[in-house]
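Residue numbers (the numbering used here): -14 to 148.
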């Protein structure tokens, strides 16, 4: 079982003015990798609040995987990537590159996504876009590798090469 944390960055959502459809989409899809949602937070688009919530999920709740949604665009309030970079120790650039590559097949606007991915201790953190459709498209790309990635982080396997 993979312990999953979901963090939605949304000013309107955190004030109760918008339903978190993207967070729901993540919840629906993590079941495909036997993911158990152990933590869920909706926070405003504030860098320090986002970073604090990410640290809490990784360090105190001990989730294996944190999936964020929202705050990856060009708006001045979109600071999820910066907050993520504040707390991770190592970047995993291939994950957001793969998500953007796939999304570019649907829209040229995909190149405007600033999401990042990285590792904090033994937790993988991945920024997803803010729309439910983009969340689903992005997760379709990364779900097939997540179990293996978590197994490596937890030192349950060390081999990436095929036999």
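All C-beta atoms, glycine included, are put in the ideal place defined by N, C-alpha and C. Bear in mind the structure is a predicted one, so any value in this text is a computation, not a measurement.
Inset, instruction - Determine the DSSP secondary structure at residue 91, reduced to helix, strand or coil. - result: coil
Inset, instruction - Specify the secondary structure class of residue 65 as computed by DSSP and reduced to three states. - result: helix
Legend entry - Extent of the continuous alpha helix (DSSP H) to which residue 11 belongs: 6 to 15
Legend entry - Those residues which DSSP pairs with residue 28 across a bridge: -6
Legend entry - residue 118 versus residue 141 - alpha carbon distance: 33 Å
Legend entry - Contiguous beta strand (DSSP E) assignments of at least 3 residues, all confined to the stretch 82 to 143: 102 to 105, 108 to 113
Inset, instruction - Taking 8 Å as the cut-off, decide whether the C-beta atoms of residue 30 and residue 58 are in contact. - result: no
Inset, instruction - Determine, using beta carbons only, whether residue 100 and residue 113 come nearer to each other than 8 Å. - result: yes
Inset, instruction - Might you give, ordered along the chain, the residues of its own chain that have their beta carbon closer than 6 Å to the beta carbon of residue 92, omitting 5 neighbours on each side? - result: none
Legend entry - Beta-carbon proximity of residue 7 to residue 115, cut-off 8 Å: yes
Legend entry - Simplified DSSP state of residue 47, which is helix, strand or coil: coil
Legend entry - Beta-carbon proximity check, residue 138 vs residue 104, cutoff 8 Å: yes
Inset, instruction - With DSSP collapsed to three states, give me the class of residue 18. - result: helix
Legend entry - Buried or exposed by the 16-neighbour rule on C-beta atoms within 10 Å, applied to residue 50: buried
Inset, instruction - Using 10 angstroms around the beta-carbon of residue 89, count the other beta-carbons present and answer buried if the total reaches 16, otherwise exposed. - result: exposed
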